[in-house]
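Let me begin by presenting the structure, written as structure tokens, before commenting on it.
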RNA sequence: GGCCUCAUCGUCUAACGGUUAGGACAACAGAUUUUCAAUCUGUCAAUCGGAGUUCGAUUCUCCGUGAGGUCACCA
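Numbering (the numbering used here), first residue to last: 40 to 557.
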């Protein structure tokens, strides 16, 4: 049997990380088995429709390196792949369900339903349709229709039976008593189906073999089974169904990520300077694990390794530290040219015309230790200036930073001292407290030492540079490490930096001397 | 509240019914180093509770407890 999976989002919102994770697993299962991955556009809710959302989501999935074989944009053997273009199909299906007694017309007004719900809630009962229209006679129905009354179509849940299905992810046969299942509306009064009818019909029509979806659908699965049955699908022909876990937000233990959480938006992490390859890799492991516990995968490797067995049952919690670890791995293995172009692309894309709320957001959510909006704006302006700076120089500077950065913000911040002399240096930091009183002398001697080096800093040798610094430490009875630290603080303005010899070489003799003053 | 699902180190997870319960991230310590990183080594750390089945239970069953999902003419 040819494997066919689908991802069927509604264009009512913008993608988030959970969205990518779900696409990833559907994509992997299909590709692993030489099958097809289908993108279906479930736009049956015209009220919440957001123009452009479909295109936005598709564009991002492509940016993460995935693609689909059939979909609204590229067609396919079961076109169209947009549900509002398939309305006549659903009408026929609904009629069939009504004709064979699997569904019935309901003439209840929304007002009555709301009232019913209210009463049931007040009485602490389960809210459920009371079945008023379940047993209307054909005469009553004809009369109401002739009278122009609007109606919906509801699934007719049979009495006294078990409804069950096997969940391939929880590996569990889930059973409901039909008394616990509501007669849900499968066709709205405007003639547009709800998810239940549209998606089930399409899954059958499009020959989907594996339905992997969010766990929010688990509780309506019995209705879906009933729809399959009503449509005449034999049990062995029903798609395999499995329900994914949801990613939990560590900030709110046990709760899934809120849509307002900017880090969870599909562009959230990229804006924060994370690589898509690293994000994708981390997402692979949230909800799935291979038998051998391997963790680092390219998309291709993941597709080859993916199996349904590894799909998890319990909801994972997002761990930013692990995300950082993955990003570090991918950042460090990037060839320098590629790193530079990715870095510049990041600036061009996100920082050339940053929106005010984005800047605010970065200050609040990033771990890049930018305390104020002013400082963030300054950093952004600096980033933009890099776009026109000398590429070769920039490349050499980034080479020094590559292995000590977690994300692009770190690179940006560590790059700053190459272009701006530190101001308001804090000499009272603990890293210098052993040589506090010797600082002026140390700095002036360092200045003298550097002025004796060749004017062209590319002519400097590491030995010459280092022995000079060590000589100063001996002369003043200070530890070499403290003298290096004083040098570092004078040049960089911070106790953390790339190796000083290389950094000063890049900075040049003239600039180094300017900074070597107390 | 009803129905359904889930439950192993702080986090992600591995373990034909038999392991000193393994790995990764984090944390901590050490090595290396002119700092920070990176790298290497090591340490700490878990089977939610209670019954039962079994020679033997992380694994199977039941009961608790906790967490999640759902209860719309939304998906």
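We put the beta carbon where it would ideally sit given N, CA and C, even for glycine.
Remember, it's a predicted structure, so these values are computed and weren't measured experimentally.
In whole angstroms, what separates the C-alpha of residue 536 from that of residue 279? As a working note, residue 536 is residue 497 in the first chain. As a working note, residue 279 is residue 240 in the first chain. Whole-angstrom Cα-Cα distance: 55 Å.
Beta strand (DSSP E) runs wholly inside the region 142–192, at least 3 long, in chain order: Listed in chain order, the complete beta strand (DSSP E) runs (minimum 3 residues) inside the region 142–192 are 142–145.
So, for residue 235: in the same chain, excluding its five sequence neighbours on each side, which residues have a beta-carbon less than 7 Å away from its beta-carbon? The sequence position of residue 235 within the first chain is 196, counting from 1. Excluding residues within five positions, the ones whose Cβ falls inside 7 Å are 223, 225, 259, 262, 263, 266.
How do the region 232–252 and the region 285–305 stand: do at least 3 beta-carbon pairs fall below 8 Å, yes or no? no
Applying the 10 Å Cβ sphere with the 16-neighbour rule, what's the burial state of residue 90? Taking the first chain and counting its residues from 1, the one referred to as residue 90 is at position 51. Under this definition residue 90 is an exposed residue.
Within 10 angstroms of its Cβ, does residue 437 collect 16 or more other Cβ (buried), or is it exposed? For this step, residue 437 is matched to residue 398 along the first chain. When all chains shown are included, residue 437 counts as buried.
With DSSP collapsed to three states, give me the class of residue 552. Indexing the first chain from 1 puts residue 552 at position 513. In this structure, residue 552 counts as helix in the three-state DSSP scheme.
Can you round the beta-carbon distance between residue 69 and residue 75 to whole angstroms, since I take them to be within the 8 Å contact cut? Along the first chain, one-based indexing puts residue 69 at 30. Along the first chain, one-based indexing puts residue 75 at 36. Contact flag correct, Cβ pair sits at about 6 Å.
Residue from 309, 443, 351 whose Cα sits closest to the Cα of residue 389: Residue mapping note: residue 389 aligns to position 350 of the first chain, counting from 1. The shortest Cα separation from residue 389 among 309, 443, 351 belongs to 309.
Could you tell me the boundaries of the beta strand (DSSP E) in which residue 252 lies? Residue mapping note: residue 252 aligns to position 213 of the first chain, counting from 1. From DSSP, the beta strand (DSSP E) with residue 252 extends over 249–253.
Is the separation between the beta-carbon of residue 64 and that of residue 350 shorter than 9 Å? Counting from one through the first chain, the residue named residue 64 turns up at place 25. Counting from one through the first chain, the residue named residue 350 turns up at place 311. Yes.
Identify which residue in 232, 173, 460, 53 has its Cα closest to the Cα of residue 221. Working through the first chain from its first residue, we reach residue 221 at position 182. It is 173 whose Cα lies nearest to the Cα of residue 221.
In the DSSP output, what is residue 36 paired with across the bridge? Any answer about residue 36 is impossible in this case: the structure gives the chain only from 40 up to 557.
Under a Cβ-count criterion, where at least 16 other Cβ atoms within 10 Å of its own Cβ denotes burial, should residue 192 be classed as buried or exposed? Here residue 192 corresponds to residue number 153 of the first chain, with the count starting at 1. With 16 or more Cβ atoms within 10 Å of its Cβ, residue 192 is classed as buried.
For residue 350, name the three-state secondary structure that DSSP assigns. Against the first chain, residue 350 aligns to sequence position 311. Residue state, collapsed to three classes: strand.
So residue 78 is in the beta strand (DSSP E); what residue range does that whole segment cover? What you label residue 78 is simply residue 39 of the first chain in a count that begins at 1. Its beta strand (DSSP E) spans residues 75–78.
Per DSSP, cross-strand counterpart(s) of residue 558: Any answer about residue 558 is impossible in this case: the structure gives the chain only from 40 up to 557.
To the nearest angstrom, report how far apart residue 162 and residue 153 are at their CA atoms. On the first chain, position 123 is the one that residue 162 refers to. On the first chain, position 114 is the one that residue 153 refers to. Taking the straight line from one Cα to the other gives about 14 Å.
Excluding the 5 residues flanking residue 509 on each side, which residues of the same chain have their C-beta closer than 6 Å to its C-beta? Position 470 of the first chain, counting from 1, holds the residue named residue 509. Cβ neighbours of residue 509 beyond the five flanking positions: 519.
Are residue 538 and residue 524 touching if we call contact CB-CB under 9 Å? Here residue 538 refers to the residue found at position 499 when the first chain is read from its first residue. Here residue 524 refers to the residue found at position 485 when the first chain is read from its first residue. Pairing residue 538 with residue 524 gives a Cβ-Cβ distance that is not under 9 Å.
With a floor of 4 residues, list each alpha helix (DSSP H) that falls wholly inside the region 283–354, ordered by position along the chain. Runs found: 307–310, 315–324, 338–344.
Buried or exposed: where does residue 489 fall if 16 or more other Cβ atoms within 10 Å of its Cβ makes it buried? Within the first chain, residue 489 is the residue found at index 450, counting from 1. Answer is buried; the Cβ neighbour count reaches 16.
Measuring straight from C-alpha to C-alpha, what distance separates residue 324 and residue 453? As a position in the first chain, residue 324 is number 285, starting the count at 1. As a position in the first chain, residue 453 is number 414, starting the count at 1. For residue 324 and residue 453, the gap between their C-alpha atoms comes out near 31 Å.
Would you kindly report the start and end of the unbroken alpha helix (DSSP H) that includes residue 388? To locate residue 388, count along the first chain from 1; it is residue 349. Run containing residue 388: none; DSSP gives neither H nor E here.
What are the partner residues of residue 226, as DSSP defines its beta bridges? Taking the first residue of the first chain as 1, we reach residue 226 at position 187. According to DSSP, which records beta bridges pairwise, residue 226 is partnered with 192, 232.
I'd like to know if the region 125–140 and the region 180–199 are in contact, where contact means that at least 3 CB-CB pairs between them fall below 8 Å. Segment contact: the region 125–140 against the region 180–199, three or more CB-CB distances shorter than 8 Å; contact assigned.
CB of residue 87 within 9 Å of CB of residue 47, strictly: Along the first chain, one-based indexing puts residue 87 at 48. Along the first chain, one-based indexing puts residue 47 at 8. No, the pair does not count as a contact, with Cβ atoms beyond the cut-off.
What is the DSSP secondary structure of residue 416, reduced to helix, strand or coil? Residue numbering aside, residue 416 sits at position 377 when the first chain is read from its first letter. Residue 416: helix per DSSP, three-state reduction.
Across which residues does DSSP place residue 216 in a beta bridge pair? In the first chain, counting from the first residue as 1, residue 216 sits at position 177. Here residue 216 is bridged, per DSSP, to 201.
Helix, strand or coil at residue 46 [DSSP, three-state]: As a first step, residue 46 is located in the first chain; it is residue number 7 there, counting from the start. Correct three-state label for residue 46: strand.
Let me confirm a value: residue 232 is counted as buried when at least 16 other C-beta atoms fall within 10 Å, else exposed. Which label applies? As a position in the first chain, residue 232 is number 193, starting the count at 1. Burial of residue 232 is indicated by the presence of at least 16 other C-beta atoms within 10 angstroms of its C-beta.
Which same chain residues end up closer than 8 Å to residue 257 when comparing Cβ atoms and leaving out the 5 residues on each side of it in sequence? Translated into the one-based positions of the first chain, residue 257 becomes position 218. Around residue 257: 206, 213, 282.
Since residue 466 contacts residue 398 with CB under 8 Å, what's their CB separation in whole angstroms? Your numbering for residue 466 matches position 427 in the first chain. Your numbering for residue 398 matches position 359 in the first chain. Between residue 398 and residue 466 the Cβ distance is about 31 Å, and since that is not below 8 Å, they are no contact.
First and last residue of the alpha helix (DSSP H) that includes residue 371? Position 332 of the first chain, counted from the first residue, corresponds to residue 371. 359–372 is the span of the alpha helix (DSSP H), which, as asked, contains residue 371.
N- and C-terminal bounds of the alpha helix (DSSP H) containing residue 101: Counted from its first residue, the first chain places residue 101 at position 62. It spans 92–102 - the alpha helix (DSSP H) in which residue 101 sits, taken as one unbroken run.
Residue 520 in three-state terms, based on DSSP: Numbered from its first residue, the first chain carries residue 520 at position 481. It is helical.
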